[in-house]
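Student: Following numbering that gives the first Met the number 0, the numbering of the sequence shown begins with 0 at its first residue and continues without gaps.
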Amino acid sequence: MEIFDLAVIGGGVNGTGTARDAQGRGLKTLLVEAKDFASGTSSASTKLIHGGLRYLENYEFKMVGEALAEREVIMRAAPHIVWPLRFCLPHSPEQRPFLMIRAGLFLYDHLGKRELLPGSKGLSLRSGAEGAPLQDWVKRGFLYSDCWVQDARLVVLNAMDAQARGATVRTRTKVTSARRTEDGTLWTLTLRADDGAETQAQARAVVNAGGPWAADIDAHVVSANDPAKLRLVRGSHIVVPKAFEGDHAYIFQNTDGRILFAIPYEQDFTLIGTTDVEHTDDPREVHCTSEEQSYMLTAVNRYFKKSLTDADVVWTYAGVRPLLFEEGKSASKVSRDYSFRLDGKPGGDAPLLTIFGGKLTAYRELSEEAVDYFKPFFDMRQTWTKGAVLPGGEIGLDFDAALAQFSAAHPDMPTKTAWRLLRNYGAHAYDIAAARGEDFGSGVSQGEIEYLRDREYATALDDVLWRRSKLGLIASAETKARISDVLSSA
């Protein structure tokens, strides 16, 4: 039976990030995901790398400052899937006072190190691109900076890098049991693949990175004495055809004190979200409710001149955020910070580390801190991920220059397709373009799907349409059928 130093349960952003960090520090690592990478919370975010402007109201200055510092670290690591985004915040006089917002943005500019992103400023919305789609009552506002991220792609890139460094990666494989051996020095894990085949592996340490399922793993897989206690909060989003021109986004204050984003999405659409609703059902059984959809439409229609209706909604998605349980707090007020619980000590039982909470922006820092917990148990190399580039990120920070170079190398490729390939795959877009093969329509080639199948763990149609890409928004029925044929031919 193969023995690993570390077994990581869970293929979301925290699990893949931890596996990558650990393998890069010299720990022999096993990464196991029950479904597909990012099939849960990590593909259902608002897709922002941000400090969390609204968390300043909760006085979470440390968390915000750390997240602000991480924005540019992640942008440098993956400039193809992470890029700067300017946010227009229209001022709603009956909501937060103008001076309060100005003070908050001053803090936002200065709490974290900022070299690449421009600072905030006041803005007249009586004219200009930002004011054009807004109702006449909106007179002034602010501009500030954060970053956009292709969230599910961030997850798969971490898994790819972990494997490239020597990690063993298993998807569609459930850990049904993890038990310490009689002498307590090892964990024995039972793994069940989708086809029912069972195997076992052993590890000197285990990480529970199950996200919304962390409590279930604690209780039923590792049989912890004090299972995790999480608060599950559903965040839903809607996608509509492009609601405004420009490459900026909006952050709207709603009448209930919450905020919503309207963000340019996949060239021809606008993403609107999110909600904060208590979720008590199975985290897999999650969807945007009609009430949430109405809430978001009402909120943005308060600002936009062109009213959006249910008929405009082309897609919805929802995910469950696993937040730290805090008694007496509303869903929107619960901290988005993270914490750990370590069970085991050197010379005693093999350790188990459980991860609670977290957010996309903090994933690299969280992963580094998670691996640091094992320093007393292993000799390992120094931290390394700060400054390390993720697969495809070699195109550099100047995306426009990289796109011009890629388009010049493939002049027959439509502009939108070239943009999508470079934004999704970065430097690996050249490999895909060189092996395009048959045209499947909708800007999709046989070479792209074979690349996803052979190098990015895609085995099912949804892996391609909604996680490795957002082709589900534009692909025809014929294109989807051709994609399925390639995936099933492995």
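Quick reminder that beta carbons are idealized off the backbone N, C-alpha and C, glycines included.
1) Tell me the rounded alpha-carbon separation between TYR249 and ARG125.
2) State the beta-bridge partners of GLN252 as determined by DSSP.
3) Mind reading off the beta-carbon distance from ALA208 to LEU188? Whole number of angstroms is fine, and I expect it under 8 Å.
4) Can you name the start and end residues of the beta strand (DSSP E) that ARG139 belongs to?
5) Which runs of the alpha helix (DSSP H) at least 4 residues long sit entirely within the segment 261-306? Give them in chain order.
6) Indicate the three-state DSSP secondary structure (helix, strand or coil) for SER444 in the structure shown.
7) Leaving aside the five residues before and after ASP371 along the sequence, list all residues of the same chain whose C-beta is less than 6 Å from its C-beta, in chain order.
8) Helix, strand or coil: how does DSSP classify LEU124 here?
9) I need the DSSP call for THR180, collapsed to helix, strand or coil.
10) Which residues bound the beta strand (DSSP E) around ARG340?
11) Hey, is the segment 83-103 in contact with the segment 129-145, meaning 3+ C-beta pairs nearer than 8 Å?
12) Output the boundary residues of the alpha helix (DSSP H) element that contains ASN423.
13) Taking a contact to mean a Cβ-Cβ separation below 8 Å, would you say ALA200 touches LEU185 in this structure?
14) CA-CA distance, VAL137 and TYR302?
15) Just the C-alpha distance for ARG113 and LYS120, rounded to the nearest angstrom, thanks.
16) Indicate the three-state DSSP secondary structure (helix, strand or coil) for VAL31 in the structure shown.
17) So the candidates are ALA18, ASP342, GLY14; which of them puts its Cα closest to the Cα of ASP4?
18) Span of the alpha helix (DSSP H) holding THR167?
19) Report the rounded CA-to-CA distance for PRO282 versus GLY11, giving the unit in angstroms.
20) Using only the alpha-carbon positions, how far apart do LEU52 and ALA6 sit?
21) Keeping to the same chain, check which residues put their C-beta closer than 6 Å to that of VAL31; ignore five residues upstream and five downstream.
22) What does the alpha-carbon distance come out to for the pair SER42 and ARG95?
23) Taking just the CA atoms, how far does LEU153 sit from PRO390?
24) Between the Cα of PHE376 and the Cα atoms of LEU352, THR384, PHE398, which residue gives the shortest distance?
25) Grab me the residues of GLU437's own chain with a C-beta within less than 6 Å of its C-beta, minus the 5 sequence neighbours each way, in chain order.
26) On a Cα-Cα basis, can you pick out the residue from PHE60, ALA128, GLU93 that is closest to LEU104?
27) DSSP state of TRP212, grouped into three classes?
28) Look at PRO117 and PRO211 and say whether their C-beta atoms are less than 8 Å apart.
29) If you drop the 5 nearest sequence neighbours on each side, which residues of the same chain put their C-beta closer than 8 Å to that of THR279?
30) Just reading off the beta strand (DSSP E) that ILE473 is part of, what are its end residues?
31) Is ILE394 near LEU420, with beta carbons less than 8 Å apart?
32) Going by DSSP, name the residue or residues bridged to ARG113.
33) Check the DSSP bridge columns for ASP438 and list the partner residues they point to.
34) Could you tell me which of VAL485, SER338, GLU449, ASN423 sits nearest to ARG466, measuring between CA atoms?
35) Output the distance between the C-alpha atoms of LYS46 and ASP150, rounded to the nearest integer angstrom.
Tutor: Once the coordinates are examined:
1) When rounded, the separation of the alpha-carbon atoms in TYR249 and ARG125 is 16 Å.
2) ILE258
3) Wrong, their Cβ atoms sit about 14 Å apart, outside the cutoff.
4) First-last of the beta strand (DSSP E) with ARG139: 139-148.
5) 289-300
6) strand
7) The beta carbon of ASP371 lies closer than 6 Å to none in the same chain, with the five residues before and after it left out.
8) coil
9) Judged by DSSP in its simplified three-state form, THR180 adopts coil rather than helix or strand.
10) Per DSSP, ARG340 belongs to the beta strand (DSSP E) from 337-342.
11) yes
12) Annotation: the continuous alpha helix (DSSP H) that includes ASN423 extends over 414-424.
13) In this structure, LEU185 does not lie closer than 8 Å to ALA200 by Cβ.
14) 8 Å
15) 15 Å
16) Collapsing the DSSP output to three states places VAL31 in a strand.
17) The residue among ALA18, ASP342, GLY14 with its C-alpha nearest the C-alpha of ASP4 is ALA18.
18) Here THR167 belongs to no alpha helix (DSSP H); instead the beta strand (DSSP E) covers 167-169.
19) 14 Å
20) 35 Å
21) ILE8, ARG169, THR172, VAL174
22) 31 Å
23) 10 Å
24) LEU352
25) GLN445
26) PHE60
27) When secondary structure is reduced to three states using DSSP, TRP212 falls in the helix class.
28) no
29) Around THR279, the same chain offers LEU231 as residues with beta carbons nearer than 8 Å, after the five sequence neighbours per side are excluded.
30) Element bounds for ILE473: n/a, residue is neither H nor E.
31) Against a cut-off of 8 Å, the Cβ pair of LEU420 and ILE394 comes out as no contact.
32) None, per the DSSP bridge assignment.
33) Paired residue(s): SER444.
34) ASN423
35) 6 Å
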